[in-house]
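When we follow our numbering, the leftmost residue of the sequence shown carries the number 1, and every step to the right adds one.
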Amino acid sequence: MLSTRTPPHSTSTDRSDNLRTATIRALNDDFRQSIPRPRDGCRLIVTDGVAALGPGEVARILLAVRTHGDFGPDSDPHGEHDFGIIERDGGRFYWKIDCYDQWMQFGSSTYEFK
Numbered sequence: 001m002l003s004t005r006t007p008p009h010s011t012s013t014d015r016s017d018n019l020r021t022a023t024i025r026a027l028n029d030d031f032r033q034s035i036p037r038p039r040d041g042c043r044l045i046v047t048d049g050v051a052a053l054g055p056g057e058v059a060r061i062l063l064a065v066r067t068h069g070d071f072g073p074d075s076d077p078h079g080e081h082d083f084g085i086i087e088r089d090g091g092r093f094y095w096k097i098d099c100y101d102q103w104m105q106f107g108s109s110t111y112e113f114k
């Protein structure tokens, strides 16, 4: 039997939150997988400490970020694929994806590419 009624344990807010999380996750995955050439409207920032490792090591770290798939409850509690840790040669590198307004001053609540 099919029903269009909402199950008692699910609310329209739950569905809205799930859709929002899925949208953010898809945008973050799209951004990560576009590294090292992020799409228009996106910026990739590498810290001075990572840049000092040299272009070859930066490229290897960015490739590790691009292909990162180890998302779990400890590193991705909200399911947005916006944070990770890369371990290489005894070093630990943290990466983070954030969505900002078009002027790069404030966090954005729209979660879409302009």
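Ideal Cβ placement from N, Cα and C applies to all residues, glycine included.
Note that the coordinates shown come from a computational prediction; the quantities given were computed from them, not determined experimentally.
### Message
How far does the beta strand (DSSP E) with Glu87 in it extend, from its first residue to its last?
### Response
Phe83 to Arg88
### Straight-line gap, Asp126 to Phe83 (C-alpha atoms, nearest Å)
As shown, the chain starts at 1 and ends at 114. That puts residue 126 outside it, with no answer to give.
#### Entry: Where Gly49 falls: helix, strand or coil (DSSP)
helix
### Task
Grab me the residues of Tyr94's own chain with a C-beta within less than 6 Å of its C-beta, minus the 5 sequence neighbours each way, in chain order.
Ile85
### Task
For Asp14, name the three-state secondary structure that DSSP assigns.
helix
### Message
Output needed for His68: all residues of its chain with C-beta closer than 8 Å, excluding positions within five of it in sequence on either side, in chain order.
### Response
Arg32, Gly84, Ile86 and Trp95
### Task
Could you pull out every residue in the same chain whose Cβ sits closer than 6 Å to the Cβ of Pro36, ignoring the five residues on either side in sequence?
Leu62
### Task
Determine the burial state of His78: buried for a count of at least 16 other Cβ atoms within 10 Å of its Cβ, exposed for fewer.
exposed
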